[in-house]
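Asker: Before anything else, here's the structure in question.
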Amino acid sequence: MATMTAAERRALAKVEYDAFLAACPSRQLLDRISDKWVALILSALGSGPDCTGEPRPMRYSELSRLLAGVSQKMLTQTLRALERDGLITRSVEATVPVTVTYELTGLGLSLHAMMRGLKMWAQDHMDEVLTHRAAYDA
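Letter by letter, the sequence shown follows residues 3 to 140 in the working numbering.
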């Protein structure tokens, strides 16, 4: 058996990931990033509420106010999952009260552009989608 370099092992592993296969672990990642709260959190951390700024850390309370309709439980679960996946970091400062901020990692930044684009596309095309829905339902 021939010895493989690290680059060859990575290339082989990439071939093995096929999201169309039921047992592929990349499906779990697709499930995670296709969640609406994930898309909105990554958009917010990547460019702020108006999607025009620079990536910046945000406090939990700021994210909670920005993401209208998210429950405290859902926001906490989503932030923990994103941290576990390496998409965001959580920083705690020993102040009174404790200050907790969340920020995109390099991996999160690489996904941010697509999520921001998806959010902007949804906002830009909602009128067309509503028109199509009404025509279909009629």
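Beta carbons: idealized from backbone N, C-alpha and C, even for Gly.
Assign E56 to one of three DSSP states: helix, strand, or coil.
Answerer: It is coil, neither helix nor strand.
Asker: Excluding five sequence neighbours on each side, which residues of the same chain lie with their C-beta closer than 8 angstroms to the C-beta of L111?
Answerer: Here the set comprises G48, P57.
Asker: Restricting to runs no shorter than 3 residues, where is the beta strand (DSSP E) found entirely within the stretch 55–130?
Answerer: With a minimum length of 3 residues, the continuous beta strand (DSSP E) runs that stay inside the stretch 55–130 are 90–95, 101–106.
Asker: Taking A140 as part of the alpha helix (DSSP H), name the residues at either end of that continuous run.
Answerer: From DSSP, A140 is part of no alpha helix (DSSP H); its letter is neither H nor E.
Asker: Which residues bound the alpha helix (DSSP H) around L32?
Answerer: That run of the alpha helix (DSSP H) goes 28–35.
Asker: Using 9 angstroms as the threshold, is the C-beta distance between I43 and L65 below it?
Answerer: In contact: I43 and L65 (Cβ atoms closer than 9 angstroms).
Asker: How many Å lie between L31 and Y138 at the Cα?
Answerer: Straight-line Cα distance between these residues: approximately 33 angstroms.
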